[in-house]
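Comments concern the structure below.
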Amino acid sequence: MKSKPFNCPVEVTIAVAGGKWKPLIIFHLMSGTKRFGELRRLAGNVSQRSLTLQLRELESHGIIIREVFAEVPPRVEYSLTQYGKTLEPVLHAMKNWGDSYVERNGIQCVQLETRDANLDSSVS
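Residue numbering for the sequence shown follows this note's numbering, starting at 257 and increasing by one per position.
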């Protein structure tokens, strides 16, 4: 993380777990370990390069673990660390707020078929 001083803890949280893709990555890892391709499909319109960079940043901050298996072809899996799991209440609150906003404003929200149904029921 940058060594610049932060103005408040919210700014730190946004620096570590904010942005376009990191909250989605964390949200989808809340339902369990995922491979790169799964995360890319679940996140939607993310480029391979962007996803790779976001995963590296989350790993460097201790939010996720990247596990490489000695197989052919190589298998890489991502999961939340214990510390990363402390962000779950934040993501639950964001999801609930988003559900309310979508309903209030009549916004269409695409539900991906590959989403984990257990996560949806545990989040509400």
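All C-beta atoms in this analysis are idealised placements derived from N, C-alpha and C, irrespective of residue type, glycine included.
Which residues in the same chain have their Cβ closer than 8 Å to the Cβ of residue i, if we skip the five residues on either side of it in sequence?
| i | result |
| --- | --- |
| residue 357 | 363 |
| residue 370 | Any reading at residue 370 must be qualified, since the residue scores a pLDDT of 39, below 50, and its modelled position is unreliable; the value itself is stated next. So the list reads 294, 297 and 298, once near-sequence residues are dropped. |
| residue 330 | 324 |
| residue 279 | 273, 347 and 350 |
| residue 337 | 318, 319, 320 and 321 |
| residue 290 | 284, 298, 333, 334 and 335 |
Assuming residue i is part of the beta strand (DSSP E), what are its boundary residues?
| i | result |
| --- | --- |
| residue 333 | 331–336 |
Over what stretch of residues does the alpha helix (DSSP H) that includes residue i continue unbroken?
| i | result |
| --- | --- |
| residue 344 | 344–361 |
| residue 278 | 278–285 |
| residue 265 | 265–273 |
| residue 304 | 304–316 |
Near residue i, which residues of its chain fall below 7 Å by C-beta distance, leaving aside the five closest residues on each side in sequence?
| i | result |
| --- | --- |
| residue 328 | none |
| residue 285 | 320, 334, 335 and 336 |
Taking residue i as the reference, which of the options has the closest Cα?
| i | options | result |
| --- | --- | --- |
| residue 308 | 292, 301 and 320 | 292 |
| residue 340 | 306, 261, 313 and 304 | 313 |
| residue 311 | 360, 264, 263 and 275 | 275 |
| residue 343 | 287, 263, 261 and 301 | 287 |
| residue 302 | 316, 289 and 281 | 281 |
Going by DSSP, name the residue or residues bridged to residue i.
| i | result |
| --- | --- |
| residue 324 | 332 |
| residue 291 | 333 |
Can you list, in chain order, the residues of its chain with a C-beta nearer than 6 Å to that of residue i? Leave out the 5 residues immediately preceding and following it.
| i | result |
| --- | --- |
| residue 379 | Confidence is the limiting factor: at residue 379 the pLDDT is only 46, short of 50, which leaves the residue's position unreliable and the question unanswerable from this model. |
| residue 365 | 358 |
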